[in-house]
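Visitor:
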Amino acid sequence: MKNVDYIIVGGGYAGIFFAHQLITHNKSFVLFSGDQLGASKVSAGVINPVVLKKFTTFWLAEEQIDFLTKTMSEIEVYTGKNYLINENIHRIFHDKNEKELWLSKTETDELRPFLNPDFENLGNIKNPFGTGSVKKSARINVDAFFKDFFDYLREHDQLVQEQFEYSQLSDNIYKDFTFKHLVFCEGMGVRANPFFNDIQVIPNKGHHLKVKLSVKLDHQYTLKKKHFLFPLNEEAYYYGGSYDPNERENEIDEFKREELIVGLQEFYPHDFEVEEINYGFRPTVKDRRPIIGNHPEHPDYFIYNGLGARGILNGCYFSLELFEHIENGKELMAEVDIKRFNKKK
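Residue numbers for the sequence shown follow the UniProt record's numbering, so the first one is 1 and each next one is one higher.
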């Protein structure tokens, strides 16, 4: 038997950022991750403090971004790489009214930290009304981040690449492991979890394209009109992702593929080739807050889920909240505590 402080189930943003807290605080753990490709690993990796449809912000936006910057610096210490790409989002305005609305929002206390009042016109794209840049926005290199973090866990014998089998779990023993705490970070996989399969997580399907542009952009900005466009490498660009809350099928939706193509054509006037289309199911919650807490009959079994479209920010910020709750008895924020659902029954 191998004794560990924690078992983590799930290798998306929730699992990875919680594992980082355990590394930082010198806790022993093992992380179980199967072969399934979850929403985190096909996500855009965009870090955005502004809802760019309405030009509003969201709960704890600045705090979450500051904490992410700190956390990524900590991760760089042991992986040896920086995954944060500090290129701002540039929102392409649809019309004059949008541009004026943006300008008025820059004068509010809520949006002043994030919306740049100085506009730009960019080359190689159609932007007759210009673009506005989002301060404190960025993105992470998703592929490198997951690859390197998993390599680090593998090298330290902290990764088990197999599906977690609930039937093999008995109190604080799982197969050849004994543990103090078990944290389920499974995203939509939670529906098969016999301990937490009643939680109110709603799948939001998102598609994105990997495209090759015939005329490369002369900047590294993340562009946003209907969806995000940014370079993945010297040859390929990411374009997406869609929000499809009514989509449940585990297959590519050709209608969404066409929708993305039309969206890119709206502002990119040159030819492009679609090399890949991918999709994932984001675990969302009606109140748009993560779900954190333990099982009422198994107090050492915890859930960390419902990160939604802001998986990076939520996953990073609330990983410390969960750690402090487990280790030091810190009370969870009421907004994220799983107990909030019991009050509504």
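We put the CB at the ideal spot given by N, CA and C, even for glycine. These figures come from a predicted structure and were not determined experimentally.
Between the C-alpha atoms of Tyr166 and Asn193, what's the straight-line distance to the nearest angstrom?
Guide: Asn193 has its alpha-carbon roughly 7 Å from the corresponding atom of Tyr166.
Visitor: Can you give me the Cβ contacts of His90 inside the same chain, cut-off strictly under 6 Å, excluding the 5 residues immediately before and after it?
Guide: Closer than 6 Å at the Cβ level, and outside the excluded window around His90, lie Thr131, Ser133, Tyr221, Leu223.
Visitor: Secondary structure at Glu120, three-state DSSP: helix, strand or coil?
Guide: Three-state DSSP puts Glu120 in a strand.
Visitor: Please determine, among Lys99, Ile47, Leu60, Phe67, the residue with the shortest C-alpha to C-alpha distance to Ile85.
Guide: Ile47
Visitor: Between which two residues does the beta strand (DSSP E) holding Ile92 run?
Guide: 89-92
Visitor: Please classify Asn246: does DSSP put it in a helix, a strand, or coil?
Guide: coil
Visitor: Under 8 Å, with one C-beta from each stretch per pair, do the stretch 22-35 and the stretch 262-280 reach the 3-pair mark?
Guide: no
Visitor: Considering only residues of the same chain and omitting the five flanking positions on each side of Val4, which have a CB-CB separation below 7 Å?
Guide: Ser28, Phe29, Val30, Phe177, Phe179
Visitor: Could you pull out every residue in the same chain whose Cβ sits closer than 8 Å to the Cβ of Arg191, ignoring the five residues on either side in sequence?
Guide: Asn197, Val201
Visitor: Thinking just about the alpha-carbon of each residue, which of Ser319, Ile312, Pro296, Glu297 is nearest to the one in Tyr304?
Guide: Ser319
Visitor: Have a look at Ala334 and Glu321 and give me their C-alpha separation to the nearest angstrom.
Guide: 12 Å
Visitor: Between which two residues does the beta strand (DSSP E) holding Ala138 run?
Guide: 138-140
Visitor: Rounded to whole angstroms, what is the Cα-Cα separation between His270 and Glu235?
Guide: 15 Å
Visitor: 9 Å is my cut-off, CB to CB: does Glu235 come that close to chain B?
Guide: In the displayed structure, chain B is absent; only one protein chain is listed.
Visitor: Whole alpha helix (DSSP H) runs in the stretch 285-339 with 4 or more residues, listed along the chain?
Guide: Listed in chain order, the complete alpha helix (DSSP H) runs (minimum 4 residues) inside the stretch 285-339 are 311-328.
Visitor: Buried or exposed for Lys345, please, with buried defined as at least 16 other CB atoms from any protein chain shown within 10 angstroms of its CB.
Guide: Note on Lys345: pLDDT 45, under 50, position unreliable in the model; no value is reported.
Visitor: On the CB-based measure, 16 or more other CB atoms within 10 Å of its CB, does Asp118 come out buried or exposed?
Guide: exposed
Visitor: Let me know if Pro245 comes out buried or exposed under the rule of 16 or more other beta-carbons within 10 Å of its beta-carbon.
Guide: exposed
Visitor: Is the stretch 50-69 close to the stretch 203-212, with three or more CB pairs under 8 Å?
Guide: no
Visitor: Around the C-beta of Glu110, are 16 or more other C-beta atoms found within 10 angstroms, so that it is buried, or is it exposed?
Guide: exposed
Visitor: Is Lys135 helix, strand or coil by DSSP?
Guide: coil
Visitor: From this set, Arg154, Pro296, Gly308, Glu74, which residue's C-alpha is nearest Asn204's C-alpha?
Guide: Gly308
Visitor: Spell out a yes or no on whether the stretch 5-23 and the stretch 57-76 are touching, meaning 3 or more CB-CB pairs, one atom from each, closer than 8 Å.
Guide: The stretch 5-23 vs the stretch 57-76: in contact.
Visitor: Mind listing, in chain order, the continuous beta strand (DSSP E) runs of no fewer than 3 residues lying wholly within the stretch 215-272?
Guide: 222-224, 228-231, 237-240
Visitor: Please list, in chain order, all residues of the same chain as Leu83 whose beta carbon is under 7 Å from its beta carbon, the five residues on each side excluded.
Guide: According to the sequence provided, residue 83 is Tyr. The question's Leu does not apply to it. Excluding residues within five positions, the ones whose Cβ falls inside 7 Å are Met72, Ile140, Asn141, Ala144, Phe145.
Visitor: For Ile47, which beta-bridge partners are listed by DSSP?
Guide: Per the DSSP secondary-structure output, Ile47 pairs in a beta bridge with Ala138.
Visitor: Just the C-alpha distance for Lys330 and Gly11, rounded to the nearest angstrom, thanks.
Guide: 25 Å
Visitor: Where DSSP assigns a beta bridge to Asn3, which residues make up the other side?
Guide: Thr178
Visitor: Starting from Leu31, trace the beta strand (DSSP E) both ways and give me its first and last residue.
Guide: 29-32
Visitor: Considering Cα atoms alone, identify which of Ile326, Leu264, Val9, Arg112 is closest to Gln161.
Guide: Val9
Visitor: Using alpha carbons as the reference points, say which of Tyr237, Phe230, Tyr238, Gly280 lies closest to Glu251.
Guide: Per the Cα distances, Gly280.
Visitor: Can you give the beta carbon distance from His181 to Ile326, rounded, assuming they're within the 8 Å contact cut?
Guide: 6 Å
Visitor: Just tell me which of His25, Tyr301, Asn88, Ala14 has its CA closest to the CA of Pro231.
Guide: The option with the nearest alpha carbon to Pro231 is Asn88.
Visitor: Please list the segments of the alpha helix (DSSP H) lying wholly inside the stretch 60-113, counting only runs of 4 or more residues, in order along the chain.
Guide: 61-79, 96-105
Visitor: I'd like to check one pair, Lys105 with Phe129: are the Cβ atoms closer than 9 Å?
Guide: Taking the C-beta atoms as reference points, Lys105 is found no nearer than 9 Å to Phe129.
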